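These notes are about the structure you will find just below.
In UniProt numbering, the protein residues as written are 1 to 269.
Here it is as structure tokens:
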């Protein structure tokens, strides 16, 4: 049985993430751990915060069942945490062996200056035990037919991450579309890593798409997602490598404001 963690602050974006996850895993047996960080450990009003959180979680599940319909394959564990927001959720994910953490992205009008909002980016950094799925606020649920995977292959793609990508491909009956931005073409290590990865996913994938950087990497990725009708974008999170390149220079901020498909982030293994 899959263990799906969904972090909520009772906002529209966090509900949209829960709704998307319930639809995505409609045919899978799942326990949804709906986690609300309601206060800090030293809050003198902790008991009231817990009560308010519990009532909010009850209402949230009721709303979900009303919107999606009752699903006997799904059960819900409602959790109110009194802790630091990011560390509490990350520790809960690890302790309860979550298979996936789902986070709602902020709407474009809510974004101030950083990727996914502060809490979501911190969660991406803190959660290293399972993949993280970022769900944009302003999307309706639709069938996933194509999952894009992009990397510069400077490091090998871990077997665990290959299996996670293949799981999502099987779950949605979708094709994996490998995409690479053409740079460092003569890097032998990157070539080997890419060859190994493409061989591993060959049964699930389409032909690789290689693109030059024609108007910055963000626009290259966005054009690719749009032109190839990509339904989900996937990358591996390397804290000090490829992904950091996207965090730097405001690139992920721009991706966040424009990317209109769910973003699956695999942990560095």
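Note that CB positions come from ideal geometry on N, CA and C, so glycine has one too. Just so you know, these numbers come straight off a predicted model, no measurement behind them.
Counting every other CB atom within 10 Å of its CB across the protein chains shown gives residue 168 a total of 16 or more, marking it as buried. With a cutoff of 9 Å on beta-carbon distance, residue 68 and residue 98 are scored as not near each other. A Cβ-Cβ separation of about 26 Å leaves residue 105 out of contact with residue 155 under the 8 Å criterion. By the neighbour-count criterion, in which a residue is buried when 16 or more other Cβ atoms sit within 10 angstroms of its Cβ, residue 210 is exposed. Contact between the region 15-35 and the region 124-132 is absent, with fewer than three C-beta pairs closer than 8 Å. Between residue 124 and residue 265, the C-beta spacing is below 9 Å. With a cut-off of 8 Å on Cβ pairs, the region 75-93 is in contact with the region 42-57, counting three or more such pairs. The beta strand (DSSP E) runs lying completely inside the UniProt domain "UspA" (3-136) and spanning 3 residues or more are 30-39, 74-82, 100-104 and 132-135, given in chain order. According to the DSSP secondary-structure assignment, residue 178 is paired through a beta bridge with 149. Annotated three-state conformation of residue 211 is strand, per DSSP. Excluding residues up to 5 positions away in sequence, 19, 20, 23 and 24 lie with their Cβ nearer than 8 Å to the Cβ of residue 141 in the same chain. Distance check between residue 29 and each of 45, 4 and 15 places 4 closest, using alpha-carbon atoms only. The beta carbons of residue 261 and residue 221 sit about 11 Å from each other, so the pair does not count as a contact at 8 Å.
Shortest Cα-Cα distance from residue 178 to any of 228, 12 and 148 involves 148. In this chain, the alpha helix (DSSP H) harbouring residue 225 covers 217-227. When DSSP states are grouped into helix, strand and coil, residue 264 belongs to the strand group. Between residue 146 and residue 190, the gap from beta carbon to beta carbon reaches 9 Å or more. Annotation for residue 233: the continuous beta strand (DSSP E) segment containing it runs 232-237.
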